[in-house]
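K.L.:
Before I ask anything, here is the structure I am working with.
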Amino acid sequence: MAGRVLLLVAVGAAYATSFRGGFQFDDWNVIVRDPSVQSLAAWGRAMPGIRPLLKLSYAANHVSGLGLAGFHAVNLAIHAASALLALALLRRLEARGAEPEPAGRSLPPAVSARAPLLDAPLLAALLFALHPAQTEAVTYLSGRSTALAAALALAAALVHVAGRDGASPRAARLVSPLLLAASLATKELALALPAVLVAIELADPRRPASLRGALRATAPHGVLALVALALYARSATYLRLVDASLALRPPATNALAHLHGLAWLGVQALRPDLLDADPVIPAAARLDPAALAAALAALGAAAGGLALLRRRPAEALALLWSVLWLPLAGLVVPRAELANDRQLYLALLGPAWLLARGALALARRRPRLALPLAGGAAALAAALGLATSARSLVYADEARFWRAVLERSPENARAWNNLGFALAARCRVDDAEAALLRAAAVAPEDFRPRVNLRLLREGEPLGEGEPRCGP
């Protein structure tokens with residue numbers, strides 16, 4: 316109970332500043348201006364459609380009358396639920412392989428009481444929840460698609476594991492697939508869950524590592540994922556998106572570009588001080604050292620996970636978890652945006668778990684280090700929480716948001732154009748003109764900065780509902 320309270324307090328404190336955030340970027344199209352989410356009746360008329368559960372949540376927010384604060388409250392509640400579900404899932408998985416510690420290898424009770432963060436599941440859940448990269452799925456309101464799908468996927472995994480452990484076998488067969496269906500109705504990332512559940516089955520130290528048995532145990536989830544793929548394939552919206560994606564770049568070029576995207580994600584995970592909400596990742600013609608390192612790291616994690624399944628099942632599962640939740644589909648289906656922080660949301664739980672288990676193992680081997688390790692863990696969690704609090708403030712308004720992007724990507728033409736748009740909305744005409752001129756210089760082939768510049772100089776609004784500025 317104390318661990319759950321600590322986790323909720325930490326998440327609440329870190330994300331208190333998220334309520335200062337405004338609508339940003341895609342929020343305008345998918346939340347503010349989309350007619351299908353303005354009411355429950357409008358949502359019903361728009362169905363069937365893609366991501367129905369996500370859109371239902373937006374419609375419910377609009378109906379609540381709580382405004383912007385209501386959207387932020389729901390996003391924060393979803394993230395807090397994900398943190399609690401991650402904690403419960405890791406506790407279950409740790410208990411599967413729990414064995415009595417050899418004499419001299421367990422922490423003295425007095426040390427354990429003074430070092431509560433040397434609880435691997437709790438520390439892992441804290442690091443997962445407080446990493447600043449998660450702000451893109453929490454503070455950025457349309458990032459709810461990732462956070463909500465992830466929370467439902469975590470719930471599906473937890474119910475499956477609990478059911479397989481004997482708590483409720485029927486839940487593993489019925490409730491868990493229903494939760495997966497809800498996740499699939501929120502965002503397509505949930506298609507990875509059946510593979511994750513197979514990895515969980517293979518890593519169960521109480522059962523022989525049988526791929527056939529793992530597939531049999533997760534068959535309802537696999538069948539459901541195939542049904543979802545068939546439904547996606549029948550959707551005109553998805554078909555248009557796939558056609559547009561396939562036209563972006565040739566397969567070999569796309570594979571190289573996506574590896575560069577994975578390398579960028581690795582930097583985001585390790586260097587949260589370098590977060591960039593709209594990175595410029597060129598579709599390079601050759602594999603540079605960073606992309607090669609990303610490819611080798613992913614392959615190494617997958618190979619290491621498979622090799623360690625029986626000897627070190629928890630570590631193996633943490634490695635496989637990290638890889639399976641990465642956006643690997645982008646290697647085949649091109650993405651207009653090669654990478655973004657939201658793609659790290661669930662993948663971050665794997666390295667957080669590895670780090671937490673490593674700290675606990677070191678403390679058990681050298682009890683004298685237990686308290687310093689616990690202090691280091693607390694300091695790391697606090698530093699991540701403070702960084703998250705500061706990162707959420709970037710979303711306070713559009714001008715601040717795009718300036719933060721340009722600090723990391725000064726040659727980002729879209730960021731310069733959108734900064735100009737945001738400044739024009741405040742009638743800061745001279746600053747807006749300078750930003751639009753820079754956008755046109757960075758991307759002379761893009762017509763949008765030139766059109767916006769002409770409208771600005773003529774005193775016309777740059778968008779629907781924007782103020783008229785100028786003489």
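So the number in our numbering is just where the residue sits in the sequence shown, counting from 1, plus 315.
No residue lacks a Cβ here, since even glycine has one placed at the ideal position from N, Cα and C.
A quick note: this is a predicted structure, and the numbers were derived from the prediction, not measured.
(1) Looking at C-beta atoms only, is the number of pairs between the segment 645-664 and the segment 538-551 that lie closer than 8 Å three or more?
(2) Going by beta carbon distance, what residues of the same chain come within less than 7 Å of HIS573, once the five residues before and after it are set aside?
(3) Going by C-alpha distance, which of GLU722, ASP341, ALA662 is nearest THR454?
(4) Could you compute how far the alpha carbon of ALA496 sits from the alpha carbon of LEU469?
(5) Alpha carbon to alpha carbon, how far is ASN732 from LEU499? Give it in angstroms, no decimals.
(6) Quick check: what's the CA-CA separation for ALA435 versus LEU669?
(7) Helix, strand or coil for LEU793, going by three-state DSSP, please let me know.
(8) Given this structure, state the Cα-to-Cα distance separating TYR373 from SER333, to the nearest angstrom.
(9) Considering only their Cβ atoms, is the gap separating GLY318 from LEU787 smaller than 8 Å?
(10) How would you write the range of the alpha helix (DSSP H) that TYR553 sits in, first residue to last?
(11) Let me check understanding here. Comparing Cα to Cα, which of LEU621, ARG625, PRO447, VAL542 lies closest to LEU493?
(12) Can you have a look at ASP591 and say buried or exposed, based on whether 16 or more other CB atoms are within 10 angstroms of its CB?
(13) Just to confirm the assignment: which complete alpha helix (DSSP H) runs, minimum length 4, are found wholly within the segment 653-704?
(14) Put ARG485 into one of helix, strand or coil per three-state DSSP.
(15) So, are the CB atoms of GLY412 and ALA629 less than 8 Å apart?
(16) Alpha carbons only, please: which of HIS377, LEU708, ARG488 is nearest the one belonging to VAL256?
(17) How many Å lie between ALA633 and ASN767 at the Cα?
(18) Three Cβ pairs or more, each shorter than 8 Å: is that satisfied between the segment 472-483 and the segment 689-698?
(19) Apply the 10 Å Cβ neighbour rule to LEU577 and answer buried if 16 or more other Cβ atoms are within range, or exposed otherwise.
(20) Three Cβ pairs or more, each shorter than 8 Å: is that satisfied between the segment 444-451 and the segment 698-711?
(21) If you draw a straight line from the C-alpha of LEU322 to the C-alpha of LEU399, how long is it?
(22) Quick check on the DSSP output: the alpha helix (DSSP H) that includes GLY746 runs from which residue to which?
(23) Just how far apart, CA to CA, sit PRO587 and LEU473?
(24) Taking the alpha helix (DSSP H) that TYR455 falls in, what are its first and last residues?
(25) At the level of alpha carbons, what is the spacing between LEU381 and TRP343?
(26) I believe LEU433 touches ALA689 by the beta-carbon criterion, under 8 Å. Please report the beta-carbon distance rounded to the nearest angstrom.
(27) Measure from the alpha carbon of LEU623 to the alpha carbon of each residue in ARG406, ALA514, PRO565, THR501, then state which is nearest.
(28) Just how far apart, CA to CA, sit PRO415 and TRP636?
(29) If we ignore side chains and look at the alpha-carbon of each, how far apart do VAL757 and ARG763 end up?
(30) Thinking just about the alpha-carbon of each residue, which of SER491, LEU561, LEU571 is nearest to the one in GLY537?
(31) Can the beta-carbon of ILE393 be found less than 8 Å from the beta-carbon of ALA466?
(32) Can you give me the start and stop residues for the alpha helix (DSSP H) that GLN583 sits inside?
(33) Could you check the C-alpha separation between ALA418 and ALA510 for me, to the nearest Å?
(34) DSSP on LYS259, reduced to helix/strand/coil?
(35) Note down, one range per segment and in chain order, each beta strand (DSSP E) of at least 3 residues found wholly within the segment 587-623.
(36) Is the distance from the Cβ of ALA452 to the Cβ of TYR660 below 8 Å?
P.N.:
The relevant details are as follows:
(1) With the rule of 3 Cβ pairs closer than 8 Å, the segment 645-664 does not count as touching the segment 538-551.
(2) Hits under 7 Å: GLY645, LEU646, LEU653.
(3) ASP341
(4) 13 Å
(5) 34 Å
(6) The alpha-carbon atoms of ALA435 and LEU669 are separated by roughly 9 Å.
(7) The chain is shown from 316 up to 786; residue 793 falls before or after that span and cannot be answered.
(8) Between TYR373 and SER333, the alpha-carbon positions lie close to 18 Å from each other.
(9) The displayed coordinates of the chain run from 316 to 786. Any statement about residue 787 would go beyond what the structure contains.
(10) 551-561
(11) VAL542
(12) buried
(13) 664-680
(14) Three-state result, ARG485: helix.
(15) yes
(16) Nothing in the structure corresponds to residue 256, since the chain is present only between 316 and 786.
(17) 48 Å
(18) no
(19) buried
(20) At 8 Å Cβ cutoff, the stretches touch.
(21) Straight-line Cα distance between these residues: approximately 7 Å.
(22) The identity of residue 746 in the sequence shown is Asp, whereas the question assumes Gly. Note, ASP746: alpha helix (DSSP H), 744-757.
(23) 28 Å
(24) Per DSSP, TYR455 belongs to no alpha helix (DSSP H) and is neither H nor E.
(25) 17 Å
(26) 5 Å
(27) ALA514
(28) Reliability of the predicted coordinates at PRO415 is poor, the pLDDT of 46 falling under 50, and the value obtained from them is presented with this limitation in mind. Their backbone Cα atoms lie some 26 Å apart in a straight line.
(29) 12 Å
(30) Minimum Cα distance to GLY537 is reached at SER491.
(31) yes
(32) Looking at the DSSP string, the run of the alpha helix (DSSP H) that includes GLN583 is 566-585.
(33) Because the pLDDT at ALA418 is just 45, under 50, the model does not fix this residue reliably, and the point stays unresolved.
(34) This structure leaves residue 259 out entirely; the chain is present only between 316 and 786.
(35) none
(36) yes
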